[in-house]
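Novice:
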Amino acid sequence: MPPHRRTHPNAASAPPADSIDVPVRSPAVPLDEVDRRILVLLSEDSRRSQRALARELGMSAPAVRERIGRLERLGVIRGYGVQLDWNAAGYPMTVYLSITAVQGYQQSEIVDQISRMPEVEWLDIVTGGIDMLARLRVRDHGHLRQLLVDQIWKIEGVQRTETSLSILEMEPKNLVAELLSVPAEDQD
């Protein structure tokens, strides 16, 4: 294994833990069957009205409103969104970019610069032979080349990148419905 790669998160070459802003993970919130059903229904159609939800659940609209408000306050529901057809929006290429930082370099600086790029859909710090994995949306090969040459490769601390182009994407599945439809007692 090349010397620039970390094999363990506590290895001497790893940056200090406080050098990267790590989001504090919320503790698991106990969800009853009604909470789980609300989450599944909203994941299927987040524009569904509280009145419609109440009818489907056999509850009153105020009771559903209170449940949704509680789930939002506890951070279980973090927001509502739109699913785009990226081809129709002009960004048909999905690119995965693995990034290896210079040994001992403050990764938070790299994370900060990459996360500000509009093409970056998400960026994870990972374990293993690389340091970061990013998912990008680009218009075409020229856009990708410009992004790599003019921006990413110029970031101080980036030692190496590896680019993978997605050649087929499965239709997004409703992970909320798949995971939360399993009865709680079966998840242990």
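Number 471 marks the last residue of the sequence shown (my numbering); no jumps.
Think of the CB as a built atom: it goes at the ideal place given N, C-alpha and C, for glycine as much as any other residue.
1) Looking at the structure shown, is E327 part of a helix, part of a strand, or coil, going by DSSP?
2) Between I413 and I382, which are expected to be in contact by the criterion C-beta below 8 Å, what is the C-beta distance as a whole number of angstroms?
3) Using only the alpha-carbon positions, how far apart do V432 and R353 sit?
4) Which same chain residues end up closer than 8 Å to A346 when comparing Cβ atoms and leaving out the 5 residues on each side of it in sequence?
5) Among residues of its own chain, excluding the 5 on either side of R348, which ones have a beta-carbon nearer than 7 Å to its beta-carbon?
6) If I measure Cβ to Cβ from S398 and keep anything under 7 Å in the same chain, skipping five residues before and after, which residues do I get?
7) From the DSSP output, in three-state form, read off W436 for me.
8) So what's I397 in DSSP terms, helix, strand or just coil?
9) Can you grab the Cα-Cα spacing for the pair A300 / M376, in whole Å?
10) Contact between the region 379-394 and the region 442-452: three or more CB pairs below 8 Å?
11) Under 8 Å Cβ to Cβ from L359, same chain only, skipping five residues before and after it: list those, please.
12) Could you pull out every residue in the same chain whose Cβ sits closer than 8 Å to the Cβ of R331, ignoring the five residues on either side in sequence?
Specialist: In short:
1) E327 carries a helical assignment under DSSP once its states are collapsed to helix, strand and coil.
2) That pair is a contact at about 6 Å.
3) Answer to the nearest angstrom: the Cα atoms are 47 Å apart.
4) These residues qualify, in order along the chain: A337.
5) Only Q333 meet the Cβ criterion.
6) Cβ neighbours of S398 within its own chain (closer than 7 Å, five residues either side excluded): L406.
7) Annotated three-state conformation of W436 is helix, per DSSP.
8) Here I397 carries a helix assignment [DSSP, helix/strand/coil].
9) Confidence in A300 is poor, its pLDDT being 42 and thus under 50, which makes the residue's placement unreliable; the coordinate value appears in the next sentence. Whole-angstrom Cα-Cα distance: 34 Å.
10) Taking 8 Å as the limit for Cβ pairs, the verdict is that the region 442-452 does touch the region 379-394.
11) Strictly speaking, residue 359 in this sequence is Val, with Leu absent from that position. Cβ within range, chain order: V312, L314, D318 and L322.
12) Around R331: L324 and L325.
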